[in-house]
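Residue 81 is where the sequence shown starts when you use our numbering, and the numbers rise one by one after that.
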Amino acid sequence: MRKPAVIRIAARRLSGKRAQFLMVHAVLYACLGFSYVTIEPSERSSRAMAFSWLPSYLPIWVVGWIWIIAAAVALFTAIESHPPRSDRVGFMALTAVPIVWSLMFLISWVTALFAEHDSTAWVSAAIYAGYATIVILVSSWPNPINIYRLPPIGAQ
């Protein structure tokens with residue numbers, strides 16, 4: 081039975097493990113961005129407290145769109161990639177957003193220290209920085225080369 085055209089095109093476009101990594105993380109980033117855009121945090125939530133230093137014209141849901149835009153960039157480069165040259169932009173998008181988030185939580189932690197509040201924003205800053213580091217490491221890996229072995233002569 082022949083596979084549908086959409087599956088054949090997608091399989092041909094997702095050229096290797098790098099594109100698969102971009103695709104999986106595009107879905108994760110879209111889900112995370114969707115949570116920032118649609119879920120209104122309460123005043124006492126950790127999200128609202130962590131981003132309370134943001135100016136009023138920059139609400140959390142606006143900042144959440146950064147995740148969705150990065151997901152779209154990663155998805156597009158996963159589909160249109162001819163690695164490693166063309167997927168660089170997708171990996172940069174996947175790296176930049178956690179770095180920005182890490183810096184935002186770090187700023188939140190520092191402002192809480194000066195205001196003499198107890199804050200655990202440094203934990204989120206470390207986690208997002210670690211996640212950016214993972215993406216940086218994976219972006220340096222080449223796609224594995226598929227080696228097909230011919231059956232021995234006389235084998236059926």
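The C-beta atom is built at its ideal place from N, Cα and C for all residues, glycine as well. Since we're looking at a predicted model, the values are computed, not measured.
Item: Coil, strand or helix - H197 by DSSP; Value: coil
Item: Buried versus exposed, by CB contacts within 10 Å (16 or more), G170; Value: buried
Item: Outcome for R98 when other beta-carbon atoms lying within 10 angstroms are tallied against a minimum of 16; Value: buried
Item: Residues near V117 by beta carbon distance below 6 Å, same chain, minus five either side; Value: W141, G144
Item: Integer Cβ distance of A205 from S182, believed to fall under 8 Å; Value: 5 Å
Item: Which listed residue (E196, A106, F194, T200) has its alpha carbon closest to that of F185; Value: T200
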